[in-house]
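Engineer: No gaps in the numbering here: position 93 of the sequence shown is 300 in the numbering used here, and each next residue is one more. Glycine included, C-beta positions come from ideal geometry on N, C-alpha and C. Fair warning: this is a prediction, and the values are worked out from it, not measured in the lab.
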Amino acid sequence: MSRKKVKLAYIQNHPTRKLTFKKRKKGFMKKMSEITTLCDVEACAVVYGQNDTQPEVWPSPSGVQGTYAKFRTMPPMEQTKKQLNIEAFLRQQIEKAKDQLRKQKKENREKEMSIMMSQCLAGRSLQDLNMGDLNDLGWVIDHKVEEINRKVKKVQEELAQNENNHVQVVPTPPPPPPAISGRIMHMQQAQSAAPMEIMTPQD
């Protein structure tokens, strides 16, 4: 049974929020250990709890100081290359949502034009369509024709390949039954013995 998906929102209940923080913090520290071991990277973590007097660090205070000091020695461009503040993160999410919305609108428009194409084939008039609908409908029709042509070409290539690979085999006649075979052998022996009987009186 799969776990229920947790809604990412602020937990209002204080005991539940405290318990969730404790579990997630433990899992986060475990993930830090796994990523440094599996990927051979240097990392550190500092977690401030709402009710903790001291932050929890990983792997150790000295390890955090060493990693931070190495990070500060990097050029400023390298330090900020993959950093995201709240504003940059929200802009990234907004652009991602806009891109998904554009794709969904395009899919919906294609489905709408496909339905309209079927209605036109059934006898619907084109007089009530505007220029945008006519352009989109023409694009859908061209796309459908190209798809049909590709499928027809693929079927023709498969048929041609099957014809080239097909080899006609001439069936061999089955052997005669034993009785007929014995008669044929007897007749062949009689025919081969007949000339000797004719030649014997002359000798």
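1) Our contact map puts I242 next to A252 with C-beta atoms below 8 Å; I'd like the distance itself, whole angstroms only.
2) Note down the Cα distance separating M320 from L333, rounded to an integer number of angstroms.
3) Could you tell me the distance, in whole angstroms, from the CA atom of N372 to the CA atom of E365?
4) For I348, which option in S267, M324, Q363 and E302 has the closest C-alpha, if you only look at C-alpha atoms?
5) Which of the three DSSP states is assigned to V352 in this structure?
6) Enumerated in chain order, which unbroken segments of the alpha helix (DSSP H) with a length of 4 residues or greater are wholly contained in the stretch 217-263?
7) Just tell me which of K312, L215 and N356 has its CA closest to the CA of D343.
8) Beta-carbon separation of W265 and M284 under 8 Å?
9) Closer than 8 Å is the cut-off here; do at least three beta carbon pairs connect the stretch 266-273 with the stretch 289-305?
10) Would you kindly report the start and end of the unbroken alpha helix (DSSP H) that includes L328?
11) Return the CA-CA distance between Q307 and E314, expressed in angstroms with no decimal places.
12) Among the candidates G234, F228, K277 and T244, whose CA atom is the shortest distance from the CA of D259?
13) Which one or two residues does DSSP pair with W265 in a beta bridge?
14) Return helix, strand or coil for T280, following the three-state DSSP convention.
15) When the Cα of V254 is compared with those of K232, P268 and L245, which residue comes out closest?
Structural biologist: Reading from the atomic positions:
1) Within the sequence shown, numbered from 1, the residue matching residue 242 stands at position 35. Within the sequence shown, numbered from 1, the residue matching residue 252 stands at position 45. Going by Cβ atoms, the distance from I242 to A252 rounds to 10 Å, so no, they are not a contact pair.
2) On the sequence shown, residue 320 is found 113 positions in, with the first residue counted as 1. On the sequence shown, residue 333 is found 126 positions in, with the first residue counted as 1. Roughly 12 Å separates the two Cα atoms.
3) Position 165 of the sequence shown, counting from 1, holds the residue named residue 372. Position 158 of the sequence shown, counting from 1, holds the residue named residue 365. So the alpha carbons of these two residues sit roughly 11 Å apart.
4) For this step, residue 348 is matched to residue 141 along the sequence shown. When only C-alpha atoms are compared, the closest one is M324.
5) For the purposes of this step, residue 352 is identified with residue 145 of the sequence shown, where counting begins at 1. V352: helix per DSSP, three-state reduction.
6) 221-246
7) Position 136 of the sequence shown, counted from the start, is the residue given in the question as residue 343. The residue with the shortest Cα to Cα distance from D343 is K312.
8) Against the sequence shown, residue 265 aligns to sequence position 58. Against the sequence shown, residue 284 aligns to sequence position 77. The answer is no: Cβ separation not under 8 Å.
9) no
10) Taking the sequence shown and counting its residues from 1, the one referred to as residue 328 is at position 121. Here the alpha helix (DSSP H) through L328 covers I293 to L328.
11) Position 100 of the sequence shown, counted from the start, is the residue given in the question as residue 307. Position 107 of the sequence shown, counted from the start, is the residue given in the question as residue 314. Whole-angstrom Cα-Cα distance: 11 Å.
12) Taking the sequence shown and counting its residues from 1, the one referred to as residue 259 is at position 52. Answer by Cα proximity: F228.
13) Walking along the sequence shown from the start, residue 265 turns up at place 58. Answer is A252, bridged to W265.
14) Position 73 of the sequence shown holds residue 280. If DSSP states are grouped into helix, strand and coil, T280 belongs with coil.
15) Counting from one through the sequence shown, the residue named residue 254 turns up at place 47. For the residues K232, P268 and L245, the minimum Cα distance to V254 belongs to K232.
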